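Reading through the structure tokens given below for one structure.
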Amino acid sequence: MPKQQSSSKPLDTFRLSLPTPAGDLQAEISVPTSFIPVSDIVPLMRSLGEQALKLEEVKVQQAGQTISCRKGCGACCRVLVPVSPPEAFTLKKRIEQLPASQRNRYFQRLVTVKDTLSKAGLLGRLVQLSETRTQLSDKDMEPVNQAYYAQRLPCIFLEDEACSIYDFRPAACREYLVTSPAEFCQDMTDPAVKPVSVPFRIATVLSLMWAKLTGGPARLIPLPVALDWADRHADENQSYETGGTLLEMGLEKILAFLRQRS
Ligand code: SF4
1265 MPKQQSSSKP
1275 LDTFRLSLPT
1285 PAGDLQAEIS
1295 VPTSFIPVSD
1305 IVPLMRSLGE
1315 QALKLEEVKV
1325 QQAGQTISCR
1335 KGCGACCRVL
1345 VPVSPPEAFT
1355 LKKRIEQLPA
1365 SQRNRYFQRL
1375 VTVKDTLSKA
1385 GLLGRLVQLS
1395 ETRTQLSDKD
1405 MEPVNQAYYA
1415 QRLPCIFLED
1425 EACSIYDFRP
1435 AACREYLVTS
1445 PAEFCQDMTD
1455 PAVKPVSVPF
1465 RIATVLSLMW
1475 AKLTGGPARL
1485 IPLPVALDWA
1495 DRHADENQSY
1505 ETGGTLLEMG
1515 LEKILAFLRQ
1525 RS
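The sequence shown runs 1265 to 1526 under this note's numbering.
This is how it looks when you write it as structure tokens:
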């Protein structure tokens, strides 16, 4: 049962227990009782994803393996990162709050990245993917993922091989950990690269929530075109629901993921 808390913004608090393959994820979560846009629940959903992945990390460590990922290794920051619509809005908002010099660095890199993608015939395809009305499978995405990775384009937020937007990096970036030696990640297509299994993908969960709220497809937007997408669709971040309803919706999608895996 939710309990009411004294706060300037009234909150409902829920105790959760999610049965992940690596053990039960126990969490106490507070959400506003008021109506909020779906993008406001992004940090909370990412945090649930991170807690579930933590359980997986403990499991692999107990099996005698080590996570190789360290700050200063940005080898995986050259793949095409999928971003859910709520995350695209959050990213845009957070970037707008940064100092102008930092924002400009990102925008300058974005111009270069788009130019390279355009010359490689990929920019139009990424924009098309961000606007498609069809829900695409991992298999559908494979050719474009491969063509993008072949360019070895560093993410515009990568600085000195570290993420410069670490606190608000997309969920997909939080879900990539490997137990194989770090040098193997110089070629992410190498079958010797061993990623830690992910119990549920938060970008997909948020995308499915978005689809339910808007009646559109569960789209995932490629990161290089996510800020443009958020600009074009700014008025769509108006799907307000109570914090409790959004949380319930997110948990429903997470549980569906977990059922598939069991
Ligand atoms: S957002 Fe950060 S973690 Fe994600 S690909 Fe870019 S630099 Fe890497």
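By construction, the Cβ of each residue, glycine as well, lies at the ideal position given by its N, Cα and C atoms. Fair warning: this is a prediction, and the values are worked out from it, not measured in the lab.
Quiz item: Where does the unbroken beta strand (DSSP E) through glutamine 1290 begin, and where does it stop?
Solution: Walking along the sequence shown from the start, residue 1290 turns up at place 26. For glutamine 1290, the uninterrupted beta strand (DSSP E) segment begins and ends at 1287 to 1296.
Quiz prompt | phenylalanine 1421: CB within 7 Å of a non-hydrogen atom of the ligand SF4 | solution = Residue numbering aside, residue 1421 sits at position 157 when the sequence shown is read from its first letter. Yes, the beta carbon of phenylalanine 1421 sits closer than 7 Å to at least one heavy atom of the ligand SF4.
Quiz item: Measuring from the CB of cysteine 1449, is there a heavy atom of the ligand SF4 at a distance below 7 Å?
Solution: What you label residue 1449 is simply residue 185 of the sequence shown in a count that begins at 1. Outside the cutoff, so no.
Practice problem: Taking 8 Å as the cut-off, decide whether the C-beta atoms of serine 1471 and serine 1348 are in contact. | Solution: Position 207 of the sequence shown, counted from the start, is the residue given in the question as residue 1471. Position 84 of the sequence shown, counted from the start, is the residue given in the question as residue 1348. In contact: serine 1471 and serine 1348 (Cβ atoms closer than 8 Å).
Quiz item: If you follow the alpha helix (DSSP H) that arginine 1342 is part of, which residue opens it and which one closes it?
Solution: The residue given as residue 1342 occupies position 78 in the sequence shown. Element bounds for arginine 1342: n/a, residue is neither H nor E.
Quiz item: Apart from the five residues just before and just after leucine 1381, which ones in its own chain have a Cβ nearer than 6 Å to its Cβ?
Solution: On the sequence shown, residue 1381 is found 117 positions in, with the first residue counted as 1. Scanning its chain for C-beta atoms nearer than 6 Å, with the 5 sequence neighbours on each side dropped, one finds around leucine 1381 the residues Leu1387, in chain order.
Quiz item: Is DSSP giving glycine 1300 helix, strand or coil here?
Solution: Residue 1300 sits at position 36 when you count from the first residue of the sequence shown. According to the sequence provided, residue 1300 is isoleucine. The question's glycine does not apply to it. Note: isoleucine 1300 maps to strand in three-state DSSP.
Quiz prompt | Terminal residues of the alpha helix (DSSP H) in which threonine 1380 lies | solution = By 1-based counting over the sequence shown, the position of residue 1380 is 116. It spans 1364 to 1383 - the alpha helix (DSSP H) in which threonine 1380 sits, taken as one unbroken run.
Quiz item: Per DSSP, which one or two residues make a beta bridge with arginine 1279?
Solution: Indexing the sequence shown from 1 puts residue 1279 at position 15. DSSP output for arginine 1279 lists Glu1292 as bridge partner(s).
Quiz item: Roughly how many angstroms lie between the CA atoms of valine 1375 and glutamate 1292, to the nearest whole one?
Solution: As a position in the sequence shown, residue 1375 is number 111, starting the count at 1. As a position in the sequence shown, residue 1292 is number 28, starting the count at 1. Between the C-alpha atoms of valine 1375 and glutamate 1292 there is a straight-line separation of about 42 Å.
Quiz item: Between which two residues does the alpha helix (DSSP H) harbouring glutamate 1360 extend?
Solution: In the sequence shown, residue 1360 corresponds to position 96, counting from 1. In this chain, the alpha helix (DSSP H) harbouring glutamate 1360 covers 1349 to 1360.
Exercise. Note down the Cα distance separating proline 1285 from alanine 1520, rounded to an integer number of angstroms.
Key: Against the sequence shown, residue 1285 aligns to sequence position 21. Against the sequence shown, residue 1520 aligns to sequence position 256. Between the alpha carbons of proline 1285 and alanine 1520 lies a gap of roughly 13 Å.
Quiz item: Is the beta carbon of arginine 1465 sitting closer than 8 Å to the one on glutamate 1439?
Solution: As a position in the sequence shown, residue 1465 is number 201, starting the count at 1. As a position in the sequence shown, residue 1439 is number 175, starting the count at 1. Cβ distance < 8 Å, so arginine 1465 and glutamate 1439 count as in contact.
Quiz item: Mind pulling the alpha helix (DSSP H) runs of 4 or more residues that sit fully within the segment 1381 to 1459?
Solution: With a minimum length of 4 residues, the continuous alpha helix (DSSP H) runs that stay inside the segment 1381 to 1459 are 1387 to 1395, 1402 to 1414 and 1435 to 1438.
Exercise. With a cut-off of 8 Å on the beta carbons, I'd call valine 1457 and valine 1324 a contact; round off their distance for me.
Key: On the sequence shown, residue 1457 is found 193 positions in, with the first residue counted as 1. On the sequence shown, residue 1324 is found 60 positions in, with the first residue counted as 1. Rounded, the Cβ-Cβ distance is 14 Å, inconsistent with contact.
Quiz item: Measuring from the CB of valine 1295, is there a heavy atom of the ligand SF4 at a distance below 7 Å?
Solution: Your numbering for residue 1295 matches position 31 in the sequence shown. Of the heavy atoms belonging to the ligand SF4, none sits nearer than 7 Å to the Cβ of valine 1295.
Self-check item: N- and C-terminal bounds of the alpha helix (DSSP H) containing threonine 1509
Solution: Along the sequence shown, one-based indexing puts residue 1509 at 245. In the DSSP assignment, threonine 1509 falls within the alpha helix (DSSP H) that extends over 1507 to 1525.
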